[in-house]
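Notes follow the structure.
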Amino acid sequence: MKEDFLHYVWQHQYFDKGDLRTTGGEEIQVLRPGQRNADAGPDFLNARLRLGDVEWNGSVEIHLRASDWQRHNHQTDKKYDQVVLHVVHAADADVHRTNGSLIPTLTLASRLAPDLLSRYEALMQAPPAAALPCAPLLGQVPMLVRTMMTERALLERVEQKAETLAALHEHLGHDWEATAYHALMAAFGFQKNSEPLTRLAKAVPLSLVRRHRYDQRQLEALLFGQAGMLAETPETTADDYLRDLRQEYEFLSHKYNLEPTALAAHEWNYLRLRPANFPAVRLGQLVGLLHRRPALFDALLTAQSVLALSEFFASAPAPAYWQQHFRPGRPGKVPGLGKSSIELLIINVVVPLRVAYARHVGQHELVESSITLLSELPAEHNQYTDLYEDLGFEHRTAADSQGILALHKGYCQPRRCLHCAIGGRLVGGDSTRLRINR
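Listed below in structure tokens is the structure:
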């Protein structure tokens with residue numbers, strides 16, 4: 001048993017309340033269990049209890065064993081002086097506040113329904129390889145509960161991404177255009193090369209891009225030069241185009257006193273990548289976008305549909321050389337930015353960026369319209385989304401697939417079943433049977 005299980009039991013009051021008393025024999029009446037505390041301090045805040053004839057408002061702390069109070073050094077921490085009840089599975093010690101006063105203790109070991117424990121253990125003891133610990137039991141959960149939980153996970157995922165961009169916005173001096181630039185640079189790495197492209201955005205800041213974005217050759221020289229892709233090699237020695245870019249980069253590098261080649265060629269990842277996803281291809285597409293789209297943030301913010309956003313990305317092709325070369329000096333016809341790549345950019349950049357901005361300026365309608373964009377996109381497919389679809393989860397749009405991924409990564413994989421509405425439904429079962437005398 002984990003302490004998290006007792007948190008769940010207390011929050012939902014899933015225990016026998018008949019003749020409820022402290023270990024000292026004092027009668028207990030739970031008027032309000034309190035709110036879960038996600039920060040430092042007691043587990044539940046603002047609880048309201050009646051102990052004997054006295055009503056108390058304060059905090060509740062929960063442990064598996066009462067002696068965990070001392071083990072966690074709560075007896076010397078003033079944050080725990082507001083605790084009015086210590087709830088434990090086993091009461092093996094008395095506990096005290098910093099002033100030495102005794103804290104009443106409630107033990108739950110004999111008050112838990114056996115069926116509640118068995119349901120909990122069935123989830124916790126599922127094989128480690130099980131993607132969904134609850135898979136064999138899902139038939140007991142109404143589709144409405146599954147859908148609501150997937151939607152909740154989706155919103156949490158979007159908000160987490162938006163919070164990351166909000167922090168980036170603050171770090172960049174509250175410049176939304178710079179935030180869009182950094183976010184797009186990282187996203188064009190499509191996971192395998194996100195880290196080096198993030199570093200490249202720092203090495204070629206937007207202030208420098210703004211000076212040269214109308215001269216595609218200079219912009220190309222800056223980005224490819226700082227990326228370490230213009231270094232002379234046996235493959236590129238006879239390439240006049242790259243030689244000219246190299247000379248332009250050397251001039252600009254000296255002019256702006258840039259750190260020589262912020263990245264080295266070996267820092268870019270090619271393993272298990274299709275040629276269309278090679279770093280030089282993506283960087284060429286970024287050059288085209290930055291050159292032809294001088295107001296990135298405004299365009300991403302005001303686009304009214306997935307179609308408009310798709311045209312924004314698709315109609316800014318890479319320079320001609322990078323439409324015909326997968327790598328410097330290696331010719332080959334290169335496809336443009338594909339439909340699936342554009343959809344990923346909308347999912348991972350446009351939607352969270354718009355939500356971050358909407359939260360910043362207090363435009364709730366923009367939050368809703370931005371998340372609605374996900375419902376206009378087709379569902380993504382990978383091993384996890386396909387698994388959940390096979391188990392009966394709705395999987396028609398990107399909103400569904402993003403919700404599934406959020407559910408899997410945030411709840412199923414780390415076994416946070418008791419924080420999930422699906423797991424809670426399975427463990428709690430019939431609330432009228434488990435919440436005795438509530």
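The sequence shown begins at 1 in the numbering used here and counts up one residue at a time.
Every residue gets a Cβ at the ideal spot worked out from N, C-alpha and C, and that includes glycine.
Quick check on the DSSP output: the alpha helix (DSSP H) that includes residue i runs from which residue to which?
i, result
"residue 342", "339-345"
"residue 158", "143-171"
"residue 70", "68-71"
"residue 407", "398-407"
"residue 216", "216-226"
"residue 123", "114-124"
"residue 174", "First-last for residue 174: undefined, no H or E at that position."
"residue 243", "240-256"
"residue 11", "3-12"
"residue 201", "194-203"
"residue 212", "206-212"
"residue 312", "306-314"
"residue 427", "421-428"
Just to confirm, are residue i and residue j a CB contact at a threshold of 7 Å?
i, j, result
"residue 106", "residue 87", "yes"
"residue 59", "residue 82", "yes"
"residue 178", "residue 172", "yes"
"residue 252", "residue 222", "yes"
"residue 229", "residue 280", "yes"
"residue 410", "residue 126", "no"
"residue 313", "residue 299", "no"
"residue 37", "residue 48", "no"
"residue 275", "residue 326", "yes"
"residue 261", "residue 328", "no"
"residue 66", "residue 95", "yes"
"residue 374", "residue 343", "no"
"residue 268", "residue 196", "yes"
Contact criterion: CB-CB distance below 7 Å. Does residue i meet it with respect to chain B?
i, result
"residue 180", "The structure shown contains no chain B, having only a single protein chain."
Between which two residues does the beta strand (DSSP E) harbouring residue i extend?
i, result
"residue 45", "44-51"
"residue 190", "Taken as a continuous stretch (DSSP letters only), residue 190 belongs to no beta strand (DSSP E), as it is neither H nor E."
"residue 61", "54-65"
"residue 90", "83-90"
"residue 106", "105-107"
"residue 327", "325-327"
"residue 263", "First-last for residue 263: undefined, no H or E at that position."
"residue 31", "28-32"
Relative to the C-alpha of residue i, which candidate in the options has its C-alpha closest?
i, options, result
"residue 25", "41, 12, 53 and 40", "53"
"residue 184", "198, 192 and 174", "198"
"residue 380", "302, 405, 157 and 193", "405"
"residue 356", "143, 155 and 93", "155"
"residue 91", "76, 108, 101 and 78", "108"
"residue 341", "49, 30 and 191", "191"
"residue 346", "365, 310 and 360", "310"
"residue 256", "224, 334 and 208", "208"
"residue 74", "188, 314, 102 and 219", "102"
"residue 306", "265, 371 and 360", "371"
"residue 245", "276, 375 and 218", "218"
"residue 17", "4, 2, 33 and 303", "33"
"residue 272", "193, 343, 377 and 44", "193"
"residue 333", "343, 320, 204 and 339", "320"
"residue 414", "64, 124, 9 and 104", "124"
"residue 143", "416, 392 and 419", "392"
Please list, in chain order, all residues of the same chain as residue i whose beta carbon is under 7 Å from its beta carbon, the five residues on each side excluded.
i, result
"residue 434", "Because residue 434 carries a pLDDT of 40, less than 50, the predicted location of this residue cannot be relied on, and no value is offered for it."
"residue 294", "213"
"residue 317", "288, 323 and 336"
"residue 394", "147 and 400"
"residue 248", "217, 218 and 221"
"residue 349", "183, 184 and 187"
"residue 265", "228, 229 and 231"
"residue 290", "209, 213 and 219"
Enumerate in chain order the residues of its own chain whose CB-to-CB distance from residue i is below 6 Å, with the five nearest sequence positions on each side excluded.
i, result
"residue 425", "141 and 145"
"residue 162", "352, 355 and 356"
"residue 176", "297"
"residue 132", "412"
"residue 97", "81"
"residue 285", "318 and 337"
"residue 358", "366 and 367"
"residue 29", "50"
"residue 437", "Its pLDDT being 33, under 50, residue 437 is placed unreliably in this model, and the value from its coordinates should be taken loosely. So the list reads 17 and 18, once near-sequence residues are dropped."
"residue 169", "179"
"residue 12", "none"
"residue 389", "395"
Ordered along the chain, which non-local residues of its own chain (more than five positions away) have a Cβ less than 8 Å from that of residue i?
i, result
"residue 421", "145, 148, 149 and 152"
"residue 384", "131, 404, 405 and 408"
"residue 364", "358"
ask   = At what residue ranges does the region 335-394 contain a whole run of the alpha helix (DSSP H), taking only runs of 4 or more?
value = 339-345, 351-361, 364-372 and 383-390
Inset, instruction - Enumerate, from N- to C-terminal direction, the unbroken alpha helix (DSSP H) stretches of 4 or more residues contained entirely within the region 267-296. - result: 279-292
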